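Notes to accompany the following structure.
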Amino acid sequence: MKLFKKCLLAGMTALAFLGAAQVASAQETDQVGRAAYIDGVKGKKVIFVPISQGMDLNQAWVMVWQRHAARYGFTLEVRDPNGDTNAGIRAMQGAIAEKPDLIIVQNPDVQTYARLLKQAQAAGIKVLQVNMQSATQTDSYVGNDWIEMGRLEMGELAKHCTGPNAVSHKVVWLAGVQTGAANIYMRTGIDEVLKANPELQLVSDQPADYISEKARQITETVLQQHPDLCGIMGIWDNAEVGAGAAVAAAGKQDQVTIVTNGAGAATGCESIKNGLLDVIFNFNAPIQGEIAAQQISELLQHPDRKAGSEKTIFFGPITRVDKTNATGRNCWKPEDIK
Amino acid sequence: MPGSGQSNDRRLGLKASQEVVVVAISVVLFVVFSATLNNFLSQGNIIAILKNVSILGTLAVGMGFVVVGRGIDLTMVAVMVVGVAFSIWISTWGIDFTLAVICGAILVAAIGLFTGVMVAIAEVPPIFATLAIASSVYGSGRIVFASDVLYAPPDIAWLKFVGNGSVLGIPMSVVIFGAVAALMGLFLRKTRFGRLVYATGDNPNAARTTGLPTRPIIVTQYVISALIAFTAGIIMTGLVTGIDTRLYNSSLIYDVLLVVVLGGIGLSGGQGGVRNVIAGTILVGILTNGMTILNFSYTSQNLIKSVILLGALAIDAIINPRDEQTSQSGDI
């Protein structure tokens, strides 16, 4: 009996110690700053106004952000105007009226939302712009360095279409929407390369409106005029497959180099493998999404910071993808991101 | 030119003249471009012009068919992109692509049937019925497919042939456009059903009173226009390896309507035919081709296009002033 009591006492003491130790270890392993972080972002409201959620890059971003939102307890609402600028203006006005903690916006062009973004900042709402900038600079921009993109693409054509071995010096720029940020800034980069390589001859500069059939029609017409065309550069891989189809139909795949940029989706890699495209400057939308997610956390964590008081810019990665590296992370599928 | 009867002489005159104006403008542009632009007159460029308008032209044949019957089908672009996207989507489940295309055609015919029933039996004015249905069809597709751009499987021989093949040097897309136009022309002119379409379009009430089956005729028109839209979508998929559903948001449907009206098919119905559609299509084709070669900016292209189109309509209005009788049936 005495022995039993002693054992019980020892056991209880041990348990008490163990419990105390556990409490102590729980305190020690609480990651530094985590509680404050969660406290900062939890329950916050973020509204995203895209151009259209039907595009591969948009799907990648939202998948990444939803994951962050679900894990750390903030809400992300997507107000998709589906390519309609008027609907986009209404979505922006609605978002500003709701006074969320953060608005994320992908601008259809540099002017449309310029005043609305000023209004949002004046109303104390932080604004993060993704990939397509407005004339108004806000708290943060995450996306492509479009001037560099224009330089890279035209630089790629300059490699093929200058010098004594080039089939000709004729190149084509298949633009997107001429008032869009990507278009305007890429053009600056293109002009720099054209200035540095005066022998390059820009024979056509037409907008394909991000539509493959239009890209095909322009390319087909231009190829009739310039059968010795050397290179084509574009603005989105899903549109330039049309240019590739026109070049393939003319049997000039070996002669004409087609360079474009894209979100890095597997469909782009397929187009390279099918021979419709030669080079895609891949801006890897999932990684872009992660960088933007970092900005979301940053902006939500500092509610005391006045909207528009600090303006930052983050340019995402750009990888040159051709036949040799059209694999792996350069060719993501939506199901890979989930 | 086909008309619905002798009482239509005056309208026949008006329509023929508008067609003549459009053809004359096309000829003038053709001569000017041939004289001033290198390679414009080359065989390759002429084929390129035809190839570039084959989709627009095919859609316009379907639209013209409906407009002749005093209807309008604003669902065509929505039906085209959603029908083909549906086929590609179900083919990703492992269904044979050809079978998937047949399923897509059945879906499209069902949509056309529904539109026809709404117009003919529920008697919703066609412009509202088709506007609403276009929006619902595109919206449903947008929810189901997630992505805007859908790529067809890469190794379908017949689809490659539609895109890159040719018969006697003429690209398949042009051959298909020609075949659709020829069939429709014959159908409208030579068959009893075709004549009934004119009768219905010219005066629906009179047609009905005389005992013509106007409702089945209208329903059939919408089914056929939906199937023609689907055919245009298949041409596009062959040409560019995929379908871009965002085309619904573009001005394509208005371009189609423009080609029809410009060619001289009045929106009041009962007049015009496939020849008018071809005249309108060729004018737009020559204009776009010339301006692309001249490397005009987007804004100036739109401006020039609108001015020339407005000019064609103005010249027609001067040559054929409207009187009470011609404007009675009214535009929409």
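For the record, the sequence lines run as chains P and Z. For any residue, its number in my numbering is found by taking its place in the first sequence, counting from 1, and adding 5. One point on numbering: in my numbering, the residue at position 62 of the second sequence is 48, and numbering is uninterrupted. C-beta atoms are modelled at their ideal positions from N, C-alpha and C, and glycine is treated no differently. Quick caveat, the model's predicted, so the values are computed rather than measured.
In the displayed model, Ala268(P) falls within coil according to three-state DSSP, outside both helix and strand.
Assignment of beta-bridge partners to Leu244(Z) by DSSP yields no partner. Annotated as distal: Gln64(P) and Pro322(P), with beta-carbon spacing of 9 angstroms or more. Taking CB atoms only, Asp241(Z) has no neighbour in chain P less than 9 angstroms away. Interface criterion met: the Cβ of Glu218(P) is under 9 angstroms from a Cβ in chain Z. In the structure shown, the three-state DSSP call for Pro202(Z) is helix. Boundaries for Ile229(Z): no alpha helix (DSSP H) harbours it, while the beta strand (DSSP E) harbouring it runs Gly228 to Asp230, taken from the DSSP string. Cβ proximity to chain P below 7 angstroms picks out Asn275, Thr278, Ile279, Asn281 and Tyr284 from the segment 273 to 288 of chain Z. Within chain Z, the residues placing a beta-carbon under 9 angstroms from that of Gly59(P) are Arg128, Phe131, Ala132, Ser133, Asp134, Val135, Thr231 and Arg232, ordered along the chain. Buried is the label assigned to His165(P), since at least 16 other Cβ atoms lie within 10 Å of its Cβ.
For Leu174(Z), the three-state secondary structure derived from DSSP is helix. Ala297(P) and Thr329(P) have their C-alpha atoms roughly 29 angstroms apart. When Cβ-Cβ separations below 9 angstroms define contact, Ala34(Z) makes contact with chain P. When the alpha-carbon of Glu303(P) is set against those of Val132(P), Ala127(P), Gly267(P) and Ala92(P), the nearest one is in Val132(P). Nearest to Leu253(Z) by alpha-carbon distance, out of Ile35(Z), Leu27(Z), Ser28(Z) and Ile58(Z), is Ile58(Z). Within the same chain, Cys336, Trp337 and Lys338 come within 8 angstroms of Ala271(P) by CB-CB distance, once the 5 residues on both sides are set aside.
Approximately 5 angstroms separates the beta-carbon atoms of Gln229(P) and Ala34(Z); this is inside 8 angstroms, confirming the contact. Using a Cβ-Cβ cut-off of 9 angstroms, Gly247(P) counts as an interface residue toward chain Z, since at least one Cβ of chain Z sits closer than that to its own. Here Asp141(Z) carries a coil assignment [DSSP, helix/strand/coil]. Every beta strand (DSSP E) stretch that sits fully inside the segment 92 to 152 of chain Z and reaches 3 residues is listed by chain position as 135 to 137.
Annotated as distal: Gln207(Z) and Gly69(Z), with beta-carbon spacing of 9 angstroms or more. Chain P has no Cβ within less than 9 angstroms of the Cβ of Leu85(Z).
Between the C-alpha atoms of Gly48(P) and Glu225(P) there is a straight-line separation of about 53 angstroms.
Only exposed fits Ser122(Z), as fewer than 16 other CB atoms lie within 10 angstroms of its CB. Put simply, the segment 170 to 186 of chain Z touches the segment 256 to 263 of chain Z. At least three CB pairs are less than 8 angstroms apart.
In the assembly as shown, Ala250(P) is a buried residue. Its beta-carbon has 16 or more other beta-carbons within 10 Å. What Gly30(Z) touches in chain P, judged by beta-carbon distance under 7 angstroms, is Gln229, going in chain order. Per DSSP, reduced to three states, the secondary structure at Ser159(Z) is helical. Here Asp35(P) is exposed: its Cβ has fewer than 16 other Cβ atoms, across all protein chains shown, within 10 Å. In this structure the segment 153 to 171 of chain P does not touch the segment 213 to 222 of chain P; the number of beta carbon pairs closer than 8 angstroms is below three. Nothing from the segment 196 to 213 of chain Z brings a Cβ to less than 8 angstroms from some Cβ of chain P. Asp89(P) belongs to the set of residues whose beta carbon lies under 9 angstroms from a beta carbon in chain Z. Relative to the Cα of Ala128(P), the nearest Cα in the group Thr143(P), Asp114(P) and Gly333(P) belongs to Thr143(P). Here the segment 34 to 45 of chain Z lies against the segment 271 to 286 of chain Z, with 3 or more beta-carbon pairs under 8 angstroms apart. In this structure, Ile223(P) sits near Leu179(P), with a CB-CB distance shorter than 9 angstroms.
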